[in-house]
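For my numbering, count along the sequence shown from 1 and bump the result up by 3. Cβ coordinates follow ideal geometry from the N, Cα and C atoms, glycine included. Report on the following structure.
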Amino acid sequence: MNVEQYLAGESKHVEYKLTIPKQSINYTKTVVAFANCQGGHIIFGVENNTWQVKGIPEDQVFVIKDAIANAITDSCEPMILPDISLRDYQGRTIIDVAIQPGMQRPYYIKSLGRDQGTFVRIAGTTRLADEATIRELMFEGSNRSFDKAPCLGLTITDEDIDRLCERMTDIAKGNANSGESVKPVTRRQLLSWGVLIERDGELLPTNAYAILTGNEAVRSVVQCGVFKGNTKAVFVDRRQFVGPAWELIEQAYQYVLRNIHLGVRFDGVYRHDVYEIPSDAIRELIVNAIVHRSYIDHSSIQVAVYDNRLEITSPGRLPMGQTIERMKEGYSKIRNEALASAFEYMGYIEHWGSGIPRIIEEVTAAGLEEPEFLGGDTDLRINIYRNIHNAEPSEGSDVAKSVVSRQGNGSDVAKTDISRQGNGSDVAKTDISRQGNGSDVAKTDVSRHGAQSDAENVSDEPVANQQKTLVLNELQLRHELDVTDVVELLGIHRRQAQRIMKSLVDSGLIQRNGASRATRYVLPDNNGDERQ
4 MNVEQYLAGE
14 SKHVEYKLTI
24 PKQSINYTKT
34 VVAFANCQGG
44 HIIFGVENNT
54 WQVKGIPEDQ
64 VFVIKDAIAN
74 AITDSCEPMI
84 LPDISLRDYQ
94 GRTIIDVAIQ
104 PGMQRPYYIK
114 SLGRDQGTFV
124 RIAGTTRLAD
134 EATIRELMFE
144 GSNRSFDKAP
154 CLGLTITDED
164 IDRLCERMTD
174 IAKGNANSGE
184 SVKPVTRRQL
194 LSWGVLIERD
204 GELLPTNAYA
214 ILTGNEAVRS
224 VVQCGVFKGN
234 TKAVFVDRRQ
244 FVGPAWELIE
254 QAYQYVLRNI
264 HLGVRFDGVY
274 RHDVYEIPSD
284 AIRELIVNAI
294 VHRSYIDHSS
304 IQVAVYDNRL
314 EITSPGRLPM
324 GQTIERMKEG
334 YSKIRNEALA
344 SAFEYMGYIE
354 HWGSGIPRII
364 EEVTAAGLEE
374 PEFLGGDTDL
384 RINIYRNIHN
394 AEPSEGSDVA
404 KSVVSRQGNG
414 SDVAKTDISR
424 QGNGSDVAKT
434 DISRQGNGSD
444 VAKTDVSRHG
454 AQSDAENVSD
464 EPVANQQKTL
474 VLNELQLRHE
484 LDVTDVVELL
494 GIHRRQAQRI
504 MKSLVDSGLI
514 QRNGASRATR
524 YVLPDNNGDE
534 RQ
């Protein structure tokens, strides 16, 4: 940076002091915060409120410089060595104290101790670090990965390990172009990744094992919601998903797809379903959130669908050495090494560092704004803005005008629109709505909430096929479903769910086991037998 850039205002990397404070802690805690984060500069000789350069008196410059150096080296633990230089700005001398990101984290004020003396930089301010942040800093400082640490209190059997190997192998084969080329996961492989560790000849689970299998020993939750408008003031639907990591990905992914617009594109005579936000970008964002979030932080991943955007929030500050700018350029910094290796094997990660640039490319190619990346100090929030001006995708895309819309929030939905949410809209007679909260729903509206409709027999082939696909995808994850599961999955009436399942049974895509309330539906294997 040149002098003008230093003086452009305070930020997460720059702080001003008019002169040296009487108590050194008033600036050494910012020194600690810079060392624990991405580094920064403290500029002495500038008013922090007006940003006016007053300068340091010439006869005090070297005395103040020495006092700053002594205070920093004496007060901070581990020792921090600042780079202090004198700079001239319009005939006035200022002192620039540059602090590099530290490698021996956490840094703290020696007199206060680690718990009360560890500070971090958040949104341009210096703040006391909480317990989770201190633990994260400790792992960074020791060059360790939390997910590779032993999971305290969790015990496993040989059968548990074999079950995980088998499930991961099945997923990898399902995601591969050629399943035959996928080598089965072995215990040795789990050990090399850090999903297991060996102590005294015994295999023990790590935090990665708990996350992969959905064990509650490590909190792993995805909260999904649909909100009316562009804030969280009014919610339409909320879901919370727990379970194995790969199931969280699929559940959150399908949730988003159920709550955004769906259109069609024609390539010659061929028709293709097209979501308003590229589905591959949605999946990639959710995978990134699951794999790269901080599991020390007990917050949940949040996936929120607003009228104007899709917002995904991943808990935890960016890993040491990572910035939003570097991330967008394709620089990869792995926080959870064991999870990253496991998900790469299963086919969820293709090439290190390619995910974010690919997301940006896919979103902009669809005619949408470039995704917005926010935060990084306590969490990472990514917004993909929807085309809110039209129910159809933006002009210039190859999407036909016969848009099948999954949300009609606040809009007048056309007669042929198939909407899963009619919040605040005047829904036409042929509208099929999952939710009619506050809307004037016509007689043939099929509403998930409210009075029973007379239109339960209404059938629309595109919607029915879409619902069947969702059921089959869910069976891939859960292996069996009952009618109640289908009602909750699709947000429809029980009689509709029964008809969908009967249609799938009749077509041979699923099997029915049991009778009455004990009825369960499963996928058949290749020989037509029940899939175990």
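Take L321, set aside five residues on each side of it, and the residues of its chain with a beta-carbon closer than 7 Å to its own are G379 and L383, in chain order.
L157 carries a coil assignment under DSSP once its states are collapsed to helix, strand and coil. Inclusion of F346 and V294 in the CB contact set at 8 Å is warranted, their separation being smaller than that value. At the C-beta level, I98 and I83 stay beyond 8 Å of one another.
Taking the Cβ atoms as the reference, V486 lies roughly 6 Å from R497, within the contact range of under 8 Å.
Boundaries for L512: no alpha helix (DSSP H) harbours it, and the DSSP string shows neither H nor E there. Distance from the CA of I387 to the CA of E364, rounded to the nearest whole angstrom, comes to 12 Å.
Going by DSSP, Q243 is part of the beta strand (DSSP E) stretching over V237 to V245.
In the structure shown, the three-state DSSP call for T129 is strand. Cβ atoms of E13 and N51 come within 8 Å of each other, at about 7 Å. Shown here for E483: same chain residues with a beta carbon closer than 6 Å to its own, the five before and five after excluded, namely R523 and V525 in chain order. A distance below 6 Å between beta-carbons, with the five flanking residues on each side excluded, links F376 to the following residues of its chain, in chain order: I327 and I385. Per the coordinates, the alpha-carbon of E169 lies some 9 Å from the alpha-carbon of T189. Counting of Cβ neighbours within 10 angstroms places V237 among the exposed residues, the total staying below 16.
Taking the C-beta atoms as reference points, L207 is found no nearer than 8 Å to Y92. Between V49 and T96, the C-beta gap is not smaller than 8 Å, which leaves the two residues out of contact. In the three-state scheme derived from DSSP, where H, G and I count as helix and E and B as strand, E483 is classed as strand.
In the three-state scheme derived from DSSP, where H, G and I count as helix and E and B as strand, E50 is classed as coil. In this structure, I214 is the residue among I214, E491 and I285 with its C-alpha nearest to the C-alpha of V224. Residues of the same chain with a CB within less than 7 Å of the CB of V6, apart from the 5 flanking positions on each side, are R90 and Y92 in chain order. Contact annotation: N262 and V308 have beta-carbon atoms nearer than 8 Å. In the same chain as P104, and ignoring 5 residues on each side of it, the C-beta atoms closer than 6 Å to its own belong to Q41 and G42, in chain order. Scanning its chain for C-beta atoms nearer than 6 Å, with the 5 sequence neighbours on each side dropped, one finds around R286 the residues Y256, in chain order. Bounds of the alpha helix (DSSP H) holding P360 are G358 to A368. Judged by DSSP in its simplified three-state form, T381 adopts coil rather than helix or strand. Remark: C-beta atoms of I200 and P247 do not approach each other more closely than 8 Å. In the structure shown, R147 adopts coil according to DSSP, grouped into three states. Counting other Cβ atoms within 10 Å of its Cβ, Y273 stays below 16 and is therefore classed as exposed. Residue environment for M106: exposed (fewer than 16 other C-beta atoms within 10 angstroms of its C-beta). Using a 10 angstroms sphere on the CB of E372, the tally of other CB atoms stays under 16, which defines it as exposed. Rounded to whole angstroms, the gap between the alpha carbons of G511 and D203 is 51 Å. Taking L131 as reference, the option from L115, E143 and S145 with the minimal CA-CA separation is L115.
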